[in-house]
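Counting in our numbering, the sequence shown runs from 408 upward without gaps. Glycine included, C-beta positions come from ideal geometry on N, C-alpha and C. Keep in mind the model is a prediction, meaning the values are calculated, not measured. Following: one structure in structure tokens, then a few remarks.
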Amino acid sequence: MRIWNLRPGELNLVLILGIALLGNSLAQKIAEIESISRFITDVGAPQFLLLMLVNSFISIVMTGTHTLLVDRFDRIKLMQATCFGLGLAFIFLRCLFVLQAPAWLNSSLFYLLSEQQFIFFPLIFWVLASDMFEPRQAQRLFPLISALGLFGNLIGILIAAFSQDLLQKVNSDNAELIIFNAFIYLILYLVFLFGLQKVHIRQTQVQGQRFRETLLEGWNFVKSISTFRYLTISILAVVVCENIFDFHLLFASASVFPDQNSYQKFFSAFVLVRVIGYLIFESTFTRFLIDKFDLKNAFLLSPIATVGAALLVIFNPGLWGSVGAVLLHNVPLYTIDKTSRRSFQAFVPEERRGRVSLFLDSYLVATAAILTASVVGGIILISRSLGITDYVYIYLSLGAIVGFIALFAILKMRSVYDDSLFNWRLKRRQRSKNVIDKLDS
408 MRIWNLRPGE LNLVLILGIA LLGNSLAQKI AEIESISRFI TDVGAPQFLL LMLVNSFISI
468 VMTGTHTLLV DRFDRIKLMQ ATCFGLGLAF IFLRCLFVLQ APAWLNSSLF YLLSEQQFIF
528 FPLIFWVLAS DMFEPRQAQR LFPLISALGL FGNLIGILIA AFSQDLLQKV NSDNAELIIF
588 NAFIYLILYL VFLFGLQKVH IRQTQVQGQR FRETLLEGWN FVKSISTFRY LTISILAVVV
648 CENIFDFHLL FASASVFPDQ NSYQKFFSAF VLVRVIGYLI FESTFTRFLI DKFDLKNAFL
708 LSPIATVGAA LLVIFNPGLW GSVGAVLLHN VPLYTIDKTS RRSFQAFVPE ERRGRVSLFL
768 DSYLVATAAI LTASVVGGII LISRSLGITD YVYIYLSLGA IVGFIALFAI LKMRSVYDDS
828 LFNWRLKRRQ RSKNVIDKLD S
């Protein structure tokens with residue numbers, strides 16, 4: 408297996424993990440596209456803000472649950488329970504469709520379930536995968552496993568795009584895809600149950616980690632160091648803009664594609680273009696730009712793209728302007744900015760890195776979604792009550808203002824970058840020296 412850079416004993420584990428990630432990615436993309444298409448056409452785009460709000464609170468709870476569970480239970484059994492639970496959840500959802508529960512309830516639960524596929528499954532999966540391999544093995548094998556996950560994304564997008572036409576030919580509907588997803592997770596449950604019976608993973612030291620302690624330690628670290636403080640402000644602002652642009656895309660496309668079949672094909676095509684954009688930019692430009700501009704300057708690209716996307720969609724708020732704004736904003740955010748953030752978090756002490764990462768990548772993102780849903784929803788409700796019809800320009804202008812705040816925060820971060828990190832390291836050395844002196848005395 409030299410072509411894949413695999414060594415004896417690794418093929419079986421790579422196949423098990425790769426198939427698992429492929430299956431989850433496939434099922435998640437089907438659920439995401441199908442649920443959003445159903446919700447927008449059956450319920451409406453403005454109501455999606457309420458769903459975003461609910462999902463944000465659920466994400467906070469599930470992330471806290473992950474923090475509590477991942478170090479307290481056998482991770483293989485936790486992965487088995489996750490797959491079995493997702494399978495049962497999809498079976499329950501299919502029963503609701505059979506019982507003809509309200510469309511808003513079915514579509515909402517479908518979307519919320521797809522978000523847990525996207526957030527909770529990978530959290531458990533990558534912790535388990537990290538425990539199964541040594542660091543050098545992980546560096547060599549994880550790209551191959553991730554590639555299988557990406558392949559699952561592409562298959563899921565294609566299935567979602569053409570499923571309705573194919574199922575109509577056999578007198579069925581897209582709700583059957585729910586059973587297909589349930590079948591995938593029950594198969595994955597069996598794969599983990601029987602495929603990893605003889606696998607022994609590294610035992611990690613269990614540390615009590617309450618939700619409040621995790622949140623406070625991440626926040627205290629971020630606010631005590633000016634570079635991280637300004638970066639946090641920028642991340643929050645950029646993610647708020649991301650949510651505004653994503654919502655406006657759903658709002659603008661709803662009037663162009665009124666039925667689910669046409670909307671699902673459009674949304675599948677959009678997601679496919681977005682994934683390809685991520686791939687091309689990540690493989691071609693990300694590492695080159697970080698090396699060319701240096702890490703602190705690389706953070707400028709995402710806020711600049713955010714401001715550009717805001718101006719684009721303000722001047723062209725229709726379908727193609729909103730598509731262009733989302734792509735212009737998201738491609739740098741999920742390629743060069745994401746890579747830069749991960750590199751920058753290497754400055755965080757290892758004993759705090761997990762909590763700081765959890766704060767920045769999970770709790771902060773959920774907070775941004777709560778802010779977006781509350782503010783944009785308030786703008787729409789107040790505007791409609793006052794008879795204002797062009798309220799899209801109000802929340803899009805707000806997105807531009809927030810984009811400039813993100814850019815200003817990064818400029819401030821650059822101005823204190825070197826001094827802040829130097830002073831922080833010096834303080835750490837001084838604290839360490841004081842501890843040693845006390846031990847010697």
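Boundaries of the alpha helix (DSSP H) in which residue i is found, first to last residue
i, result
"ASP698", "694 to 700"
"GLN487", "482 to 505"
"THR742", "First-last for THR742: undefined, no H or E at that position."
"GLY430", "418 to 449"
"ILE526", "510 to 539"
"PRO415", "Neither: PRO415 is in no alpha helix (DSSP H) and is coded neither H nor E."
"LEU679", "667 to 688"
"PRO710", "708 to 722"
"GLY602", "583 to 602"
"THR774", "771 to 792"
"TYR637", "633 to 663"
Spatial distance of residue i from residue j (CA atoms)
i, j, result
"PRO739", "LEU702", "14 Å"
"TRP626", "ALA717", "29 Å"
"ILE651", "THR779", "7 Å"
"GLY494", "ARG749", "32 Å"
"ALA545", "LEU643", "31 Å"
"PHE678", "ARG791", "Sequence check: residue 678 is Val here, not Phe. Whole-angstrom Cα-Cα distance: 31 Å."
"ASP666", "GLY451", "12 Å"
"ALA589", "ALA496", "8 Å"
"GLY731", "TYR596", "40 Å"
"SER631", "ASP826", "14 Å"
"GLY715", "LYS484", "47 Å"
"PHE480", "LEU535", "11 Å"
"PHE664", "TYR670", "5 Å"
"PRO550", "TYR802", "39 Å"
"VAL613", "GLU624", "Confidence at VAL613 is low in this model, with a pLDDT of 48, below 50, so its placement is unreliable and the value that follows should be read with caution. Approximately 18 Å, taken between the alpha carbons."
"MET820", "ILE687", "29 Å"
"ASN704", "PHE751", "12 Å"
"ILE566", "LEU500", "20 Å"
"VAL755", "GLN523", "28 Å"
"ARG694", "LEU708", "13 Å"
"ALA816", "VAL809", "11 Å"
"TRP511", "SER442", "10 Å"
"ALA488", "ARG482", "10 Å"
"LEU476", "ALA582", "32 Å"
"GLY492", "PHE599", "14 Å"
"ALA438", "SER515", "11 Å"
"GLU417", "PHE558", "20 Å"
"LEU460", "LEU793", "24 Å"
Cβ-based burial, residue i [other Cβ within 10 Å; buried from 16]
i, result
"GLU649", "buried"
"PHE601", "exposed"
"GLU541", "exposed"
"ARG445", "buried"
"LYS358", "Lying before the first or after the last residue shown, residue 358 is absent from the chain, which here runs from 408 to 848."
"ALA676", "exposed"
"ILE795", "exposed"
"GLY556", "buried"
"THR472", "exposed"
"THR742", "buried"
"CYS502", "exposed"
"SER521", "buried"
"ILE467", "buried"
"ASP698", "exposed"
"ALA776", "buried"
"SER690", "exposed"
"PRO509", "exposed"
"PHE569", "exposed"
"TYR685", "buried"
"LEU788", "exposed"
Residue i CB to nearest heavy atom of the ligand ZN below 8 Å
i, result
"SER804", "No copy of the ligand ZN occurs in the structure displayed, which carries no ligand at all."
Pick from the options that is closest to residue i, judged by C-alpha positions
i, options, result
"ARG681", "GLN752, LEU535 and LEU735", "LEU735"
"ILE562", "ILE440, HIS473, PRO710 and ARG762", "ILE440"
"PHE464", "ILE812, TYR770 and GLY785", "TYR770"
"ASN560", "TYR800, LEU458, GLY425 and LEU457", "GLY425"
"PHE766", "TRP727, PHE628, PRO529 and ASP797", "PHE628"
"ALA712", "VAL646, ALA659, PHE499 and ILE786", "VAL646"
"GLY785", "SER442, ASN431, LEU457 and GLY430", "LEU457"
"SER553", "ASP744, VAL598, LEU429 and ILE683", "LEU429"
"LEU574", "THR489, LEU422, ILE683 and ASN668", "ASN668"
"SER804", "ILE777, ILE721 and GLU583", "ILE721"
"PHE455", "ASP653, ILE812 and PHE491", "ASP653"
"MET348", "LYS745, TYR798 and VAL421", "This structure cannot speak to residue 348, because the chain is shown only from 408 to 848."
"LEU674", "ILE447, SER432, ARG414 and LEU519", "According to the sequence provided, residue 674 is Phe. The question's Leu does not apply to it. If we check each option's Cα against that of PHE674, ILE447 comes out closest."
"ILE640", "ASP580, THR774 and GLN507", "THR774"
"PRO453", "ARG543, PHE811, TYR798 and ILE498", "TYR798"
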